[in-house]
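Next up, the structure:
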């Protein structure tokens with residue numbers, strides 16, 4: 001019996017099974033893109049992270065936390081408006097994104113809250129901050145505020161995750177699919193991510209950022225980080241955290257996009273039930289990319305909230 005075809009079939013099947021993981025291992029490391037980062041690099045206990053300061057050193061601090069796949073440049077259009085309002089703005093790349101390291105560990109709320117705690121300590125930020133969180137960053141910001149309410153001046157959530165209802169469909173099945181789901185995610189996600197990023201231009205995102213966003217999938221550790229976050233901080237609704245925020249009496253604004261196809265607009269009602277004192281504002285015509293597509297509207301919603309509250 002000629003076993004060569006059988007051996008070839010087995011070897012070919014094994015190669016196919018390992019192909020998504022091998023492709024990930026062959027991607028360039030993030031250290032190779034750090035020759036000229038836009039900002040600075042901080043050495044934290046779990047790794048090196050990229051951050052940027054904007055504005056006057058004497059102004060009150062606003063901290064910006066980005067989303068699942070968009071590094072700190074998601075806030076580029078928002079930063080000038082906040083600086084003009086008199087804030088010193090800190091933006092940074094979450095682990096696994098942008099110019100930051102890709103450390104091991106489950107990317108749950110503890111993981112990301114710990115990163116922010118370490119960063120603020122390293123930068124000697126001791127005073128309460130105005131904390132902004134976009135998409136997954138909204139879940140991270142809520143988790144941080146619930147644990148450290150004394151460190152929060154105000155909380156601003158932009159198209160925030162954590163209300164339930166995300167992800168849906170195939171992404172949810174892959175997330176919950178164990179090892180098989182991991183294989184499928186490594187196989188399918190990079191291409192899907194690039195397609196979604198390129199289509200964002202039709203939603204008003206400048207081409208510069210759609211190209212940068214598509215290229216994130218080219219770097220080692222990005223795909224595993226996204227899956228780990230889907231299985232971690234994004235897995236469960238954050239009702240407990242929001243009820244703690246309400247109990248602490250923290251001023252909170254949520255800004256929603258009327259055409260958001262990622263975070264359901266029904267989240268407005270959910271967050272209102274959890275925190276009746278929270279304020280909700282909606283940006284008409286905006287999709288989930290609103291910090292990049294409608295940055296002026298985000299700043300205006302924040303400014304209007306402060307004005308309505310008698311603070312400006």
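In full-length UniProt numbering, the protein residues as written are 1 to 312. By construction, the Cβ of each residue, glycine as well, lies at the ideal position given by its N, Cα and C atoms.
CA-to-CA distance, residue j to residue i, given in whole angstroms
| i | j | result |
| --- | --- | --- |
| residue 55 | residue 79 | 9 angstroms |
| residue 34 | residue 91 | 17 angstroms |
| residue 43 | residue 125 | 16 angstroms |
| residue 219 | residue 246 | 39 angstroms |
| residue 164 | residue 233 | 12 angstroms |
| residue 267 | residue 136 | 14 angstroms |
| residue 305 | residue 52 | 26 angstroms |
| residue 238 | residue 142 | 8 angstroms |
| residue 93 | residue 185 | 22 angstroms |
| residue 98 | residue 67 | 11 angstroms |
| residue 213 | residue 278 | 32 angstroms |
| residue 86 | residue 59 | 6 angstroms |
| residue 37 | residue 158 | 26 angstroms |
| residue 211 | residue 255 | 26 angstroms |
| residue 282 | residue 300 | 11 angstroms |
| residue 174 | residue 129 | 37 angstroms |
| residue 150 | residue 22 | 46 angstroms |
| residue 140 | residue 65 | 8 angstroms |
| residue 316 | residue 176 | Residue 316 is absent from the model: the chain starts at 1 and stops at 312. |
Buried/exposed call for residue i, threshold 16 Cβ in 10 Å
| i | result |
| --- | --- |
| residue 202 | exposed |
| residue 289 | buried |
| residue 261 | exposed |
| residue 223 | buried |
| residue 160 | buried |
| residue 295 | buried |
| residue 154 | buried |
| residue 8 | At residue 8, the pLDDT of 40 sits below 50, so the modelled position is not reliable and the matter cannot be decided from this model. |
| residue 216 | buried |
| residue 20 | buried |
| residue 101 | buried |
| residue 76 | buried |
| residue 207 | exposed |
| residue 179 | exposed |
| residue 297 | buried |
| residue 293 | buried |
| residue 249 | exposed |
| residue 45 | exposed |
| residue 1 | Interpretation of residue 1 is limited by its pLDDT of 49, a score under 50 that renders its predicted location unreliable; the figure taken from the coordinates is listed afterwards. The residue is exposed, with fewer than 16 neighbouring Cβ atoms inside 10 Å. |
| residue 285 | exposed |
| residue 82 | buried |
| residue 31 | exposed |
| residue 62 | buried |
| residue 84 | exposed |
| residue 274 | buried |
Residue span of the beta strand (DSSP E) that contains residue i, given as start and end
| i | result |
| --- | --- |
| residue 56 | Neither: residue 56 is in no beta strand (DSSP E) and is coded neither H nor E. |
| residue 252 | 252-257 |
| residue 233 | It is not in any beta strand (DSSP E) - residue 233 carries neither H nor E in the DSSP assignment. |
| residue 126 | Premise fails: residue 126 is in no beta strand (DSSP E) and is neither H nor E. |
Collapsed DSSP secondary structure at residue i in the structure displayed
| i | result |
| --- | --- |
| residue 163 | coil |
| residue 195 | helix |
| residue 68 | coil |
| residue 336 | Outside the shown range of the chain, which is 1 to 312, sits residue 336, and nothing can be said about it. |
| residue 79 | helix |
| residue 282 | strand |
| residue 300 | helix |
| residue 263 | coil |
| residue 107 | coil |
| residue 26 | coil |
| residue 43 | strand |
| residue 74 | helix |
| residue 97 | coil |
| residue 202 | helix |
Boundaries of the alpha helix (DSSP H) in which residue i is found, first to last residue
| i | result |
| --- | --- |
| residue 223 | 222-230 |
| residue 247 | 239-248 |
| residue 92 | No alpha helix (DSSP H) contains residue 92, which is instead part of the beta strand (DSSP E) from 88-92. |
| residue 130 | From DSSP, residue 130 is part of no alpha helix (DSSP H) but of the beta strand (DSSP E) over 129-134. |
| residue 208 | 207-215 |
| residue 292 | 290-293 |
| residue 171 | 169-175 |
Worksheet item: Are the segment 181-194 and the segment 242-252 touching by the rule of at least three beta carbon pairs closer than 8 angstroms?
Response: no
Worksheet entry | Touching by the beta-carbon criterion (3+ pairs, under 8 angstroms), the segment 226-238 and the segment 107-122 | yes
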